[in-house]
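Please read the structure below before turning to the comments.
What follows is the structure in structure tokens.
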């Protein structure tokens, strides 16, 4: 792949098979605005929505994670920093609505659930303060509803449940939830809880074998009953049966350069979207049919500029838009499917 670096303003667009990636350098020490041009044989599937958000000045910290409420058209962003709001709420069109901060210490992962009667936001908190090592449920306005774990105390226990740097949570429409616990802490495990927070099964320990983890960092579930886990430190994705926890297989061939940091599915479940932080890249992988795991196949990529550092992503299940929380650029960007 050939690259041409040019210094200009910040945006991104695509033309035919030439992909132009522009970089917004907001972090100190990253220098001038820059982009490079990538010549690829593959057809690009997404383009950057340069108008989202309308007011990026609300990003005042390090943006770690993003969650989409597809039913209500809301986007939640969690950021870290001192004396700043930890959670920002935008519309899907990019208008800022509100912010809140109560009982959020150091957010890592965020997930939004929505019904006709309730809007909820789940946050995994890895802080060492009085709110850390917990997984918490909030209302859309920041009211604390539920706390899983022991606030401010890390641990490995199951009854009652304890966490050590819980990385991410995924909640199904029926209320069942899947948690990856172990962003560099004591635990390296995947847990399934019922809608009443009862333990259904637990898998994992530190290691490199099947159903072992080295920093399980992200989790998602498909409609066929498979749980996909970004096993970051082992540079692979592992797959489990959602009902039994049985290990179904793993992908590693696509992650020679960098491990997967985030995993989500497109609404039609044709592709898995994976973020690779250290090489600033999003890749779209072909999702295998039911009953197969097979080999990892890259369908398309979105190569961001260096040091953008995409951490966690989420997908609008109605529109297919991808929202990317970028540590290095300290912003969230929205990528829209090409028609």
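Numbering (my numbering), first residue to last: 2 to 340.
Even glycine gets a Cβ: it sits at the ideal position worked out from N, Cα and C.
Range covered by the beta strand (DSSP E) that runs through residue i
{"i": "residue 80", "result": "75-81"}
{"i": "residue 251", "result": "248-252"}
{"i": "residue 66", "result": "63-70"}
{"i": "residue 169", "result": "167-172"}
{"i": "residue 109", "result": "108-115"}
{"i": "residue 207", "result": "No beta strand (DSSP E) contains residue 207, which DSSP labels as neither H nor E."}
{"i": "residue 139", "result": "135-140"}
{"i": "residue 192", "result": "190-194"}
{"i": "residue 316", "result": "311-316"}
Rounded Cβ spacing between residue i and residue j (contact assumed at less than 8 Å)
{"i": "residue 303", "j": "residue 262", "result": "Wrong, their Cβ atoms sit about 14 Å apart, outside the cutoff."}
{"i": "residue 313", "j": "residue 46", "result": "20 Å between Cβ atoms; not a contact."}
{"i": "residue 59", "j": "residue 89", "result": "6 Å"}
{"i": "residue 211", "j": "residue 251", "result": "7 Å"}
{"i": "residue 75", "j": "residue 140", "result": "Their Cβ separation, rounded to whole angstroms, is 12 Å, which puts residue 75 and residue 140 out of contact at 8 Å."}
{"i": "residue 80", "j": "residue 87", "result": "6 Å"}
{"i": "residue 109", "j": "residue 122", "result": "Actually they do not touch by this definition, with Cβ atoms about 14 Å apart."}
{"i": "residue 49", "j": "residue 334", "result": "6 Å"}
Reduced DSSP secondary structure (H/G/I, E/B, other) of residue i
{"i": "residue 32", "result": "With a pLDDT of 40 at residue 32, under the threshold of 50, the modelled position of that residue is not reliable, and no figure is offered here."}
{"i": "residue 321", "result": "coil"}
{"i": "residue 289", "result": "coil"}
{"i": "residue 336", "result": "strand"}
{"i": "residue 59", "result": "helix"}
{"i": "residue 91", "result": "strand"}
{"i": "residue 331", "result": "coil"}
{"i": "residue 97", "result": "strand"}
{"i": "residue 38", "result": "Annotation note: pLDDT 36 at residue 38 (below 50); position unreliable, coordinate value reported separately. In the structure shown, residue 38 sits in a strand (DSSP, three-state: E or B)."}
{"i": "residue 241", "result": "strand"}
{"i": "residue 256", "result": "helix"}
{"i": "residue 22", "result": "Per-residue confidence for residue 22 stands at a pLDDT of 42, beneath the threshold of 50, marking its modelled position as unreliable; no derived number is given."}
{"i": "residue 263", "result": "strand"}
{"i": "residue 212", "result": "coil"}
{"i": "residue 230", "result": "strand"}
Nearest neighbour of residue i, chosen from the options [CA to CA]
{"i": "residue 172", "options": "193, 287 and 333", "result": "193"}
{"i": "residue 160", "options": "202, 260, 142 and 178", "result": "202"}
{"i": "residue 318", "options": "330, 175 and 265", "result": "265"}
{"i": "residue 288", "options": "269, 146 and 278", "result": "269"}
{"i": "residue 324", "options": "271, 267, 300 and 296", "result": "267"}
{"i": "residue 124", "options": "131, 106, 118 and 331", "result": "106"}
{"i": "residue 162", "options": "140, 190, 176 and 143", "result": "190"}
{"i": "residue 225", "options": "241, 237 and 217", "result": "241"}
{"i": "residue 198", "options": "204, 180, 214 and 185", "result": "180"}
{"i": "residue 67", "options": "209, 83 and 91", "result": "91"}
{"i": "residue 138", "options": "64, 158, 129 and 176", "result": "176"}
{"i": "residue 54", "options": "70, 93 and 297", "result": "93"}
{"i": "residue 233", "options": "174, 218 and 239", "result": "218"}
{"i": "residue 274", "options": "235, 307 and 230", "result": "230"}
Status (buried if at least 16 other CB within 10 Å, exposed otherwise) for residue i
{"i": "residue 96", "result": "exposed"}
{"i": "residue 258", "result": "exposed"}
{"i": "residue 310", "result": "buried"}
{"i": "residue 244", "result": "exposed"}
{"i": "residue 247", "result": "exposed"}
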